[in-house]
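Below: the structure, in structure tokens.
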């Protein structure tokens with residue numbers, strides 16, 4: 004899936020090593036992965052998230068990676084903190100908001116943030132890239148993912164809204 008990862012990385016300005024780390028933690032690189040919660044494909048997109056990002060087939064690696072990276076970029080921009088973006092990717096933005104914009108105290112989410120951070124650092128080392136600088140402001144018991152250098156690109160703005168059932172949705176908004 005290297006070509007799909009590189010394309011999405013270029014399009015959304017997300018380090019391809021971080022994308023690989025997320026895919027590894029989410030699905031173990033299995034494009035047909037299915038979680039107990041209903042998340043699907045390489046980047047384990049929930050059906051509602053997949054729909055919001057235009058995915059017709061969550062098991063299609065190109066569509067799944069494109070939408071997953073677009074969503075990850077949205078979360079990185081929203082929180083300006085890689086740990087929180089990864090926590091929101093795992094537990095949902097509502098959980099991060101509920102706990103005051105900190106990594107929620109769920110063992111699965113804390114483990115996830117730690118695993119992705121470790122895999123990301125390993126990938127950077129294997130590629131001969133200097134380790135990313137760890138974020139400083141987090142409490143020591145909170146797992147940290149390394150910072151990622153972002154490039155500025157113009158994309159439609161994403162807006163959050165809750166439907167009548169309290170479900171969080173995203174939509175693009177023209178500036």
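Residue numbers (the numbering used here): 4 to 178.
Backbone N, C-alpha and C define an ideal beta-carbon position, used for all residues, glycine too.
Query	Result
Coil, strand or helix - residue 170 by DSSP	coil
Rounded straight-line distance, which links the Cα of residue 130 to that of residue 92	25 Å
Check whether residue 46 and residue 33 have beta carbons under 8 Å apart	no
Alpha helix (DSSP H) runs wholly inside the region 4 to 77, at least 4 long, in chain order	5 to 15, 19 to 30 and 50 to 55
For residue 99, three-class secondary structure by DSSP	helix
Within the region 107 to 133, ranges of the alpha helix (DSSP H) (whole runs, at least 4 residues)	110 to 129
Top-ranked residue by Cα proximity to residue 123, from 4, 20, 26 and 5	20
7 Å Cβ shell around residue 42 - same chain, five flanking residues per side excluded	48 and 49
Close Cβ partners of residue 13 (< 7 Å) along its chain, the five nearest in sequence each way excluded	none
Between the CA atoms of residue 4 and residue 65 - distance to the nearest angstrom	8 Å
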